[in-house]
Amino acid sequence: MPRYLTGVQSSGQPHLGNVLGAIAPAIEFSKQPDAESFFFIADFHSLTTIKDGELRRKHTRSVAAAWLACGFDAQKNVFYRQSDLPEVTELAWYLSCFTPYPMLANAHSFKEKSDRLSDVNAGLFNYPVLMAADILLYDADFVPVGKDQKQHLEITRDIASAVNHAVGQEILKLPDALIREDVMTIPGIDGRKMSKSYKNTIDIFAPENMLKKQVMSIVTDSTPLEQPKNPDTCNVFALYKLLAAPDQIAEMRKKYEAGGYGYGHAKKELLALILEKYASARSEYTRLMNDKAELENLLRVGAEKARAVGSVILHRVRQALGF
Ligand code: TYM
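Heads up, the sequence shown is in the numbering used here, so the first residue is 10 and it goes up one at a time.
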């Protein structure tokens, strides 16, 4: 039975990029009758940036609620919080001893910030090793992610190969990234990759007035209202295309090309579509955010299921390494 595994950092409320790029595709995979899915909240990873424990716990709840609100079946699968299995940090240590320094120095996550080295903590530098441990601890076959995680998956495979080679046994399973071409990089309101760190997100679980503010501030060019517009270079259309049905997309394209249709109109249609498409997810999210006990209960059961698998693999690694 193929095992799917993926995680989302608890560094804020999940945004449209997380949902379209990873959460929704991962949930689709989890619905296959022969699939087994391990989906988790990467709260250890978010410590690299979020030092306030109360805030991190809130974001952890928010990510958990988003997974469930988007339709993940936590009973059938394995749904857990990374920090409930500190075993992962033990494996990360073993893996780090097989990870060449240049591999981490070349990681995009580090390189992006390497011009301000005083802001880089060792956790951020080692981030890909902990991510490799997340994946290798559970013998995952497939890891559904957005394109920005591709390099981390390559690092994971390289580290696993190095360990297997060193011990002369296939003790770690090499995973494959699953990156869906159509949603691999969702653009944010300024056209760059949607990301919390660029502050350009569309927060689909936010209150309606905030969501509206974000959608209305999507950057467009200054073509006057009456003139025809090119939908293929417009950020609003790029997002609309990802959510709408084919006939709705064709209709909006026609309006752009005809002229007399402003970007403000397109933004309003996009907002209405987001609110319609995520109406039930938004209300389920709000319900779950107000039911701490339900979330905690699911995560506790999930951690037990994850431990049953992870402890066997960790034992295998310890033995192979001579501990
Ligand atoms: P994170 O929390 O930054 O993002 C979670 C998932 O959302 C995807 N994503 C996007 N996809 C398309 N377009 C975007 N604009 C966009 N923004 C985010 C990410 O690619 C990711 O799949 N390191 C991971 C978390 C993690 C993990 C793991 C993932 C920790 N351990 C093990 C998989 C397996 C991260 O920071 O994702």
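For each residue, glycine too, the CB sits at the ideal point set by N, CA and C. The structure presented is a predicted model; accordingly, all values stated were derived computationally and were not measured.
Under 7 Å Cβ to Cβ from residue i, same chain only, skipping five residues before and after it: list those, please.
i	result
Leu100	Ala142, Leu145, Leu146, Leu323, Val326
Asn173	Glu179, Ile180, Leu181
Thr295	none
Phe81	Ile36, Ser39, Phe48, Phe88
Ala171	Phe107
Would you say residue i and residue j are within 9 Å of each other, going by their C-beta atoms?
i	j	result
Gly16	Phe48	yes
Ala275	Tyr287	no
Trp76	Ile59	no
Ala186	Val152	yes
Asp148	Val318	yes
Ala73	Glu293	no
Gln84	Phe53	no
Pro240	Gly268	no
Ile198	Ile164	no
His24	Ile211	yes
Tyr13	Asp157	no
Lys208	Ile188	no
Phe214	Arg291	yes
Asp93	Leu308	yes
According to the neighbour-count rule (16 or more other Cβ atoms, all chains shown, within 10 Å of its Cβ), is residue i buried or exposed?
i	result
Phe332	exposed
Ala254	exposed
Tyr249	buried
Cys106	exposed
Pro11	exposed
Leu234	exposed
Glu278	buried
Gly155	buried
Pro95	exposed
Pro137	buried
Asn86	buried
Ala302	exposed
Leu126	exposed
Thr98	exposed
Would you tell me roughly how many angstroms separate the C-alpha atoms of residue i and residue j, rounded to the nearest one?
i	j	result
His117	Phe134	10 Å
Gly21	Lys205	7 Å
Trp102	Ala247	42 Å
Phe88	Glu45	11 Å
Ile258	Val321	49 Å
Asn244	Gln41	33 Å
Asn27	Ile283	15 Å
Ser71	Tyr110	34 Å
Ser55	Arg65	8 Å
Leu113	Asp256	46 Å
Gln328	Val176	10 Å
Ser19	Glu63	12 Å
Phe119	Val129	8 Å
Glu260	Gly200	23 Å
Glu217	Leu330	53 Å
Tyr272	Asp300	39 Å
Quick check on DSSP: helix, strand or coil for residue i?
i	result
Asp185	strand
Glu179	coil
Arg12	strand
Glu45	strand
Tyr287	coil
Lys202	strand
Gly255	Looking at the sequence provided, one finds Pro at residue 255 rather than Gly. In this structure, Pro255 counts as helix in the three-state DSSP scheme.
Gln22	coil
Pro196	strand
Val17	strand
Ile227	coil
Pro153	strand
Ala171	helix
Phe53	helix
Val97	helix
Tyr270	coil
Phe81	coil
Tyr136	helix
Val129	coil
Phe88	strand
Gly311	helix
Ile59	coil
Tyr147	coil
With a threshold of 6 Å on Cβ separation, who are the neighbours of residue i within its own chain once the five nearest residues in sequence on each side are excluded?
i	result
Tyr270	Lys264
Met140	His161
Leu183	Arg166, Ala169
Glu305	none
Excluding sequence positions up to five away, which residues of its chain have a Cβ less than 8 Å from the Cβ of residue i?
i	result
Leu280	Leu220, Lys221, Val224, Met225
Thr242	Asp230
Leu251	Leu29, Asp191, Val192, Ile195
Ala298	Looking at the sequence itself, residue 298 is Met, so the reference to Ala does not match. The answer, listed in chain order, is Arg70, Ser71, Ala74.
Lys122	Asp128, Val129, Leu133
Lys314	Val87, Tyr89
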